[in-house]
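J.: Numbers in the working numbering are just positions in the sequence shown, counted from 1, shifted up by 3.
Positions of the beta carbon are idealized from the N, C-alpha and C atoms, including for glycine.
Below are the structure tokens for one structure; questions will follow.
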Amino acid sequence: MATREKIRMIRRLKDFSQDYVAHRLNMTQKSYSKFERGGSKPIPQKRLGKIAEIFEMPVQEILDFEPEKPIEMEPLEDKMSRMEIMLEKILDFLGRRPEEREREKNRDLR
4 MATREKIRMI
14 RRLKDFSQDY
24 VAHRLNMTQK
34 SYSKFERGGS
44 KPIPQKRLGK
54 IAEIFEMPVQ
64 EILDFEPEKP
74 IEMEPLEDKM
84 SRMEIMLEKI
94 LDFLGRRPEE
104 REREKNRDLR
């Protein structure tokens with residue numbers, strides 16, 4: 004199985020849209036779709052590394068992926084917990100006065 008096919012299968016197993024992955028790779032969904040379908044050029048190592056980062060798995064695990072082998076998925080409870088924490092931070096940030104938000108943003112940039 005070609006690496007591009009493995010990437011497509013893993014993306015689907017992780018329930019990621021092409022649009023989501025494309026956005027994380029700073030490319031359009033149309034370009035990403037062409038990328039997944041394949042071409043004559045091999046996948047650049049840097050791009051494969053970024054895809055592995057998005058999928059939260061090592062590059063080698065992508066390269067070794069076989070449809071019969073299960074991939075480790077983050078438990079839904081953990082994912083929901085992370086999302087709740089993120090939402091609380093966003094709501095807390097939005098609840099502040101504009102000057103407080105600006106100070107917070109500047110502090111995070113340091």
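Could you have a look at R5 and say whether DSSP puts it in helix, strand or coil?
T.: In the sequence on display, residue 5 carries Ala and not Arg. If DSSP states are grouped into helix, strand and coil, A5 belongs with coil.
J.: Just reading off the alpha helix (DSSP H) that R100 is part of, what are its end residues?
T.: Element bounds for R100: n/a, residue is neither H nor E.
J.: CB-CB under 7 Å to D22, same chain, minus the five flanking residues each way: which ones, in chain order?
T.: Excluding positions up to five away in sequence, the list reads Q32.
J.: Does the beta-carbon distance from G41 to R7 come in below 8 Å?
T.: Yes, they are a contact pair.
J.: Identify the continuous alpha helix (DSSP H) that holds F58 and give its terminal residues.
T.: 48-58 is the span of the alpha helix (DSSP H), which, as asked, contains F58.
J.: Drop a sphere of 10 angstroms on the beta-carbon of I88, count the other beta-carbons inside from all chains shown, and report buried for 16 or more, exposed for fewer.
T.: Flag for I88 reads exposed.
J.: Where do the N-terminal and C-terminal ends of the alpha helix (DSSP H) with K37 fall, by residue?
T.: Run containing K37: 32-40, per the alpha helix (DSSP H) assignment.
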